[in-house]
Amino acid sequence: MAGRRLSGRALRRAAVSLVVFVAIWELGARSGPLFGFKLPWLGDLPHPSAVVLIWARMATEAAYWYSWLASFWRVLGGFAAAMVLGIPLGLALAASRTFRGTVFPVFEVIRPIPPLAWVPAAIIVWPTQELAITFITFLGAFFTIVINVLGGVRSLDTRFVQAARSLGASNADVFRRIILPATVPSIVVGAAVGIGITWEVVVAAEMISGASKVGGKGAGLGHLIWASYLGGDYNQIVVGMVSIGIAGYLCSSAVRRLGTWLTSWQTTR
Amino acid sequence: MARAARWLRGPSPYLMLVGFALFLGAWYAAVEVWKLPRVQKLPGLTAVVQEWVSRNPTYGLSLFTAEYYDHIWVSVRRVGIAFLLATGLGVPLGLALGWSRDVREYVFPVFEVLRPVPILAWVPISLIVFKGAETPVVFLTFIAAFFVTTLNTMLGVQSIDRTYVRAAVCLGASRIQVLRDVVIPGALPFIFTGLQIAIGVAWFSLVAAEMVSGEYGLGYVINTSYAKIQYPTIVIGMITLGLIGYVTSAIVRLCGRLLMQWRERELATGGR
Numbered sequence: 013m014a015g016r017r018l019s020g021r022a023l024r025r026a027a028v029s030l031v032v033f034v035a036i037w038e039l040g041a042r043s044g045p046l047f048g049f050k051l052p053w054l055g056d057l058p059h060p061s062a063v064v065l066i067w068a069r070m071a072t073e074a075a076y077w078y079s080w081l082a083s084f085w086r087v088l089g090g091f092a093a094a095m096v097l098g099i100p101l102g103l104a105l106a107a108s109r110t111f112r113g114t115v116f117p118v119f120e121v122i123r124p125i126p127p128l129a130w131v132p133a134a135i136i137v138w139p140t141q142e143l144a145i146t147f148i149t150f151l152g153a154f155f156t157i158v159i160n161v162l163g164g165v166r167s168l169d170t171r172f173v174q175a176a177r178s179l180g181a182s183n184a185d186v187f188r189r190i191i192l193p194a195t196v197p198s199i200v201v202g203a204a205v206g207i208g209i210t211w212e213v214v215v216a217a218e219m220i221s222g223a224s225k226v227g228g229k230g231a232g233l234g235h236l237i238w239a240s241y242l243g244g245d246y247n248q249i250v251v252g253m254v255s256i257g258i259a260g261y262l263c264s265s266a267v268r269r270l271g272t273w274l275t276s277w278q279t280t281r
Numbered sequence: 138m139a140r141a142a143r144w145l146r147g148p149s150p151y152l153m154l155v156g157f158a159l160f161l162g163a164w165y166a167a168v169e170v171w172k173l174p175r176v177q178k179l180p181g182l183t184a185v186v187q188e189w190v191s192r193n194p195t196y197g198l199s200l201f202t203a204e205y206y207d208h209i210w211v212s213v214r215r216v217g218i219a220f221l222l223a224t225g226l227g228v229p230l231g232l233a234l235g236w237s238r239d240v241r242e243y244v245f246p247v248f249e250v251l252r253p254v255p256i257l258a259w260v261p262i263s264l265i266v267f268k269g270a271e272t273p274v275v276f277l278t279f280i281a282a283f284f285v286t287t288l289n290t291m292l293g294v295q296s297i298d299r300t301y302v303r304a305a306v307c308l309g310a311s312r313i314q315v316l317r318d319v320v321i322p323g324a325l326p327f328i329f330t331g332l333q334i335a336i337g338v339a340w341f342s343l344v345a346a347e348m349v350s351g352e353y354g355l356g357y358v359i360n361t362s363y364a365k366i367q368y369p370t371i372v373i374g375m376i377t378l379g380l381i382g383y384v385t386s387a388i389v390r391l392c393g394r395l396l397m398q399w400r401e402r403e404l405a406t407g408g409r
């Protein structure tokens with residue numbers, strides 16, 4: 013939905029709906045003391061107003077921002093590794109039939125295993141917890157990127173390649189002038205999906221592996237949520253959820269913007 | 138039969154065998170022959186296979202124990218309930234979001250605010266709100282599938298060429314008829330793409346939810362086997378999850394193909 017201009021009415025309606033949403037949440041969460049009985053489900057939620065107060069206090073503490081930093085680093089590391097390894101693998105799978113015939117079935121068998129099922133194995137193999145979490149994050153994005161790159165190359169109109177060949181293009185020319193530009197849009201799509209998955213995964217990995225604090229300061233936003241739950245500090249849970257939502261959204265829109273810039277010929281046409 | 142025979146004559150089955158042989162060989166060699174540093178702590182190929190097919194498994198879980206199938210059944214049931222709920226609620230909501238601008242402008246903002254929050258971040262809240270061990274796990278699985286299904290259905294409705302709707306209305310179709318004969322079939326390809334993704338994320342979040350809070354199920358098996366240092370069982374759990382995840386997505390794909398035979402025909406004839 014990014015980039016589309018919203019009309020004034022749409023903005024007004026969005027504001028109305030969000031205000032109503034928060035109001036129902038606030039009333040529902042306070043229903044116990046207000047009406048004398050708890051509404052089902054809503055009655056157990058933390059109050060939005062209390063969450064905002066807690067958030068304002070936490071925003072002045074360094075530990076909160078170190079949590080952001082820790083999660084950001086893990087996402088960035090896993091995502092970068094997935095791009096660096098996934099794009100060449102996808103291209104190689106598309107380029108060579110023998111390679112694809114050999115590797116792709118194995119890839120397809122491993123792919124359906126959810127990334128989180130790898131958590132124990134990752135903790136066993138990697139020397140530090142940090143590397144284990146980054147590895148799980150990497151797995152989350154890796155498969156999506158490879159599949160998208162492969163699909164992108166294979167959807168390429170073979171007539172382009174044939175035309176270039178008949179005009180005397182070498183393998184390298186075909187790769188650089190035709191295959192690579194034709195795959196960029198799929199790489200961008202894969203990256204946009206992949207960065208979303210990495211945020212999903214990093215939260216889970218931090219919760220399950222019980223991430224240790226980085227330099228004794230902050231252990232990541234997923235850890236913040238889990239620690240708040242264990243400590244019974246329910247308002248902080250919501251702060252953590254909202255923070256991760258914002259962080260994920262920022263990353264996704266950055267990737268999408270970069271992608272639009274990289275594939276500018278698609279939008280101008 | 139003819140297709141199978143042609144497949145066997147081509148190179149792909151043999152390449153596939155080579156691929157698996159290389160993969161399994163590398164696993165076996167790295168863990169059990171070369172004993173690479175750190176990697177050798179992983180369960181080896183032979184240890185896993187022995188445990189998996191043993192009638193009397195060391196750690197209590199193999200193809201011949203009833204408990205193994207109990208865990209599978211619990212996980213499958215949770216995914217099944219969550220997936221059906223997500224489809225039953227997500228598809229109508231998506232149709233409404235795509236079909237009516239009023240609904241979209243009022244409801245979609247809330248949806249878009251909630252959507253970037255990762256499913257796993259919902260774990261503690263759902264543990265607080267829903268009592269018991271079963272409901273939170275199903276809720277988490279549901280919510281993951283629900284967002285994907287709804288969003289894809291909405292995009293599917295929006296992808297329909299407006300002229301089809303206008304043509305139908307012009308020929309005297311009522312709103313119900315337009316919905317039934319134009320909007321739903323038109324959105325079906327997107328809906329099934331959504332369901333494909335939804336079943337995948339459902340398994341993803343089920344495993345996470347079970348690892349954190351389950352008392353049964355495959356994610357729980359993996360997590361407790363790690364805690365109890367029963368490493369071969371971890372790998373058995375992983376392989377089982379991969380197999381079942383693959384089978385469930387194949388079932389969804391098959392349903393899609395059966396429901397959209399008109400589309401298969403259209404693709405086969407080049408859209409004419």
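Residue numbers (the working numbering), protein chains in the order written: chain P, 13 to 281; chain A, 138 to 409. From the three backbone atoms N, C-alpha and C, an ideal C-beta is built for every residue, glycine too.
Classify Tyr-353/A as helix, strand or coil using the three-state DSSP reduction.
For this step, residue 353/A is matched to residue 216 along the second sequence. Correct three-state label for Tyr-353/A: coil.
Pick helix, strand or coil for Lys-365/A, following the three-state DSSP scheme.
Within the second sequence, the letter at position 228 stands for residue 365/A. Lys-365/A: coil per DSSP, three-state reduction.
Whole-angstrom distance between Asn-183/P and Val-349/A, CA atom to CA atom:
Taking the second sequence and counting its residues from 1, the one referred to as residue 349/A is at position 212. Taking the first sequence and counting its residues from 1, the one referred to as residue 183/P is at position 171. Straight-line Cα distance between these residues: approximately 51 Å.
Check whether chain P comes within 9 Å of Gly-356/A, counting only Cβ atoms and requiring the distance to be less than that.
Translated into the one-based positions of the second sequence, residue 356/A becomes position 219. Yes, Gly-356/A counts as interfacial toward chain P.
Expressed to the nearest angstrom, what Euclidean distance is found between the alpha-carbon atoms of Trp-77/P and Ile-249/P?
Taking the first sequence and counting its residues from 1, one reaches residue 77/P at position 65. Taking the first sequence and counting its residues from 1, one reaches residue 249/P at position 237. Cα to Cα, Trp-77/P sits roughly 15 Å from Ile-249/P.
For Phe-147/P, count the other beta carbons within 10 Å of its own beta carbon; 16 or more makes it buried, fewer makes it exposed. Which is it?
Within the first sequence, the letter at position 135 stands for residue 147/P. The residue is buried, with at least 16 neighbouring Cβ atoms inside 10 Å.
Local conformation of Ile-373/A per DSSP, three classes:
By 1-based counting over the second sequence, the position of residue 373/A is 236. Note: Ile-373/A maps to helix in three-state DSSP.
Indicate whether the contact test is met: 3 or more Cβ pairs, each with one atom in the region 350-363 of chain A and one in the region 372-390 of chain A, closer than 8 Å.
yes
Are the CB atoms of Ala-259/P and Ile-209/P within a distance shorter than 9 Å?
Reading the first sequence from its first residue, position 197 is the one you call residue 209/P. Reading the first sequence from its first residue, position 247 is the one you call residue 259/P. No; because the gap between Cβ atoms is not below 9 Å, this pair is not in contact.
Is Glu-218/P helix, strand or coil when you go by DSSP?
If you number the first sequence from 1, residue 218/P lands on position 206. Three-state DSSP puts Glu-218/P in a helix.
CA-to-CA distance, Gly-206/P to Val-315/A, given in whole angstroms
Here residue 315/A refers to the residue found at position 178 of the second sequence. Here residue 206/P refers to the residue found at position 194 of the first sequence. Their backbone Cα atoms lie some 37 Å apart in a straight line.
Straight-line gap, Ile-199/P to Pro-60/P (C-alpha atoms, nearest Å)
Here residue 199/P refers to the residue found at position 187 of the first sequence. Here residue 60/P refers to the residue found at position 48 of the first sequence. Each residue's Cα considered, the two are about 39 Å apart.
Just to make sure I have the definition right: I need the residues of chain P whose C-beta is within less than 9 Å of the C-beta of Arg-175/A. Which are they?
Residue mapping note: residue 175/A aligns to position 38 of the second sequence, counting from 1. Going along chain P in sequence order, the residues near Arg-175/A (Cβ under 9 Å) are Ile-136, Val-137, Trp-138 and Pro-139.
Among Pro-253/A, Leu-325/A and Gln-295/A, which has the Cα closest to the Cα of Gly-393/A?
As a working note, residue 393/A is residue 256 in the second sequence. Ranking Pro-253/A, Leu-325/A and Gln-295/A by Cα distance to Gly-393/A puts Leu-325/A first.
The region 34-50 of chain P / the region 165-172 of chain P touching (three or more Cβ pairs under 8 Å):
no
Per DSSP, what kind of secondary structure is Phe-267/A in: helix, strand or coil?
Residue 267/A sits at position 130 when you count from the first residue of the second sequence. Reduced to three states, the DSSP call for Phe-267/A is coil.
Extent of the continuous alpha helix (DSSP H) run through Ala-144/P:
Walking along the first sequence from the start, residue 144/P turns up at place 132. 141-166 is the span of the alpha helix (DSSP H), which, as asked, contains Ala-144/P.
Closest to Leu-288/A by C-alpha separation, out of Gly-309/A, Trp-210/A, Thr-361/A and Leu-230/A, would be which residue?
Locating residue 288/A in the second sequence gives position 151, where the first residue counts as 1. The candidate whose alpha carbon is nearest that of Leu-288/A is Leu-230/A.
Find out if the Cβ-Cβ distance for the pair Thr-195/P, Val-161/P is shorter than 9 Å.
In the first sequence, counting from the first residue as 1, residue 195/P sits at position 183. In the first sequence, counting from the first residue as 1, residue 161/P sits at position 149. In this structure, Val-161/P lies closer than 9 Å to Thr-195/P by Cβ.
Under DSSP, the alpha helix (DSSP H) around Phe-172/P begins and ends at which residues?
Here residue 172/P refers to the residue found at position 160 when the first sequence is read from its first residue. 170-178 is the extent of the alpha helix (DSSP H) around Phe-172/P.
Identify the continuous alpha helix (DSSP H) that holds Glu-249/A and give its terminal residues.
On the second sequence, position 112 is the one that residue 249/A refers to. From DSSP, the alpha helix (DSSP H) with Glu-249/A extends over 238-251.
Using the C-alpha atoms, what's the distance from Trp-211/P back to Ser-79/P?
Residue 79/P sits at position 67 when you count from the first residue of the first sequence. Residue 211/P sits at position 199 when you count from the first residue of the first sequence. If you take the alpha carbons of Ser-79/P and Trp-211/P, they lie about 14 Å apart.
Apart from the five residues on each side of it in sequence, which residues of its chain come closer than 6 Å, Cβ to Cβ, to Glu-57/P?
Along the first sequence, one-based indexing puts residue 57/P at 45. According to the sequence as given, residue 57/P is Leu; it is not Glu. Excluding residues within five positions, the ones whose Cβ falls inside 6 Å are Ala-41.
If distances are taken between C-alpha atoms only, which option among Ser-265/P, Ser-167/P, Gln-278/P and Leu-143/P comes closest to Ala-82/P?
Position 70 of the first sequence holds residue 82/P. Residue Leu-143/P is the option with its Cα nearest to Ala-82/P.
Assign Lys-172/A to one of three DSSP states: helix, strand, or coil.
Position 35 of the second sequence, counted from the first residue, corresponds to residue 172/A. If DSSP states are grouped into helix, strand and coil, Lys-172/A belongs with coil.
Are the Cβ atoms of Pro-127/P and Phe-341/A separated by less than 9 Å?
Counted from its first residue, the first sequence places residue 127/P at position 115. Counted from its first residue, the second sequence places residue 341/A at position 204. Yes.
What is the DSSP secondary structure of Trp-53/P, counted as helix, strand or coil?
As a position in the first sequence, residue 53/P is number 41, starting the count at 1. Residue state, collapsed to three classes: coil.
Going by the beta-carbon positions, is the gap between Val-115/P and Leu-103/P smaller than 9 Å?
As a first step, residue 115/P must be located in the first sequence, where it is residue number 103. As a first step, residue 103/P must be located in the first sequence, where it is residue number 91. It is not a contact, given that the beta carbons lie outside the stated cut-off.
Just to confirm the assignment, what range does the alpha helix (DSSP H) spanning His-59/P have?
In the first sequence, the residue the question calls residue 59/P occupies position 47. Taken as a continuous stretch (DSSP letters only), His-59/P belongs to no alpha helix (DSSP H), as it is neither H nor E.
Can you name the residues of chain P whose CB is closer than 9 Å to the CB of Tyr-243/A?
Start at 1 with the first residue of the second sequence, and residue 243/A comes out as number 106. The contacting residues are Arg-25, Ala-26, Val-28, Ser-29 and Val-32.
CB contact check: Ile-258/P to chain A, cutoff 9 Å
Position 246 of the first sequence holds residue 258/P. So yes, Ile-258/P belongs to the interface.
First through last residue of the alpha helix (DSSP H) which encompasses Pro-100/P
To locate residue 100/P, count along the first sequence from 1; it is residue 88. Unbroken alpha helix (DSSP H) run through Pro-100/P: 74-107.
In whole angstroms, give me the CA-to-CA distance for Tyr-246/P and Gln-141/P.
Here residue 246/P refers to the residue found at position 234 when the first sequence is read from its first residue. Here residue 141/P refers to the residue found at position 129 when the first sequence is read from its first residue. The alpha-carbon atoms of Tyr-246/P and Gln-141/P are separated by roughly 26 Å.
If we cut at 9 Å on Cβ distances, does Tyr-78/P have a partner in chain A?
For this step, residue 78/P is matched to residue 66 along the first sequence. Not an interface residue.
Simplified DSSP assignment, three categories, for Leu-395/A:
Counting from 1 along the second sequence, the entry for residue 395/A is found at position 258. Correct three-state label for Leu-395/A: helix.
Three-state secondary structure (DSSP) at Gly-257/P?
Counting from 1 along the first sequence, the entry for residue 257/P is found at position 245. The answer is helix: DSSP assigns Gly-257/P an H, G or I state.
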